[in-house]
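Numbering (this note's numbering), first residue to last: 8 to 141.
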């Protein structure tokens, strides 16, 4: 019982501190998800694919942080992918992106790039029929 109480306390802390991250799921489950957070890769950080249905919007939130997790205001690039193909490339000058896109149905993901590989990205991508963010 004590273990459950510790876990619930930890989970509440993570949610309140804005540090809630999704754990890795089997590939089939990832494709059906409507929210995905950033995962570190070799040359970039990206989300898993999410399903955007007819009438949904794509919500993108990206926060750049330094290695000590303080907010960064450095410029970075990001790309939006549909069904594995890049469909939009953009950059953020202030270390933060919060955008909503009207898109056609499909599988979407977002990839963020830091030329010097010194930034950590938080946030992610979600889909819904009403505005909201991660």
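Virtual Cβ for every residue (Gly too), placed ideally from N, Cα, C. All of these numbers come straight from a predicted model, not from anything done at the bench.
For residue 110 and residue 58, the gap between their C-alpha atoms comes out near 11 angstroms.
The residue from 136, 126, 137 and 134 with its alpha-carbon nearest to that of residue 73 is 126. Here residue 76 carries a coil assignment [DSSP, helix/strand/coil].
Buried is the label assigned to residue 70, since at least 16 other Cβ atoms lie within 10 Å of its Cβ. Residue 54 carries a coil assignment under DSSP once its states are collapsed to helix, strand and coil. Look at the beta carbons and you see the segment 44–56 not touching the segment 92–105: under three pairs across the two are nearer than 8 angstroms.
Taking the Cα positions, residue 41 is about 10 angstroms away from residue 115.
In the three-state reduction of the DSSP assignment, residue 82 falls in the coil class, being assigned neither a helical nor a strand state. Burial check for residue 54: the Cβ neighbour count within 10 Å reaches 16 or more, so the residue is buried.
For residue 127, the enclosing beta strand (DSSP E) starts and ends at 127–135.
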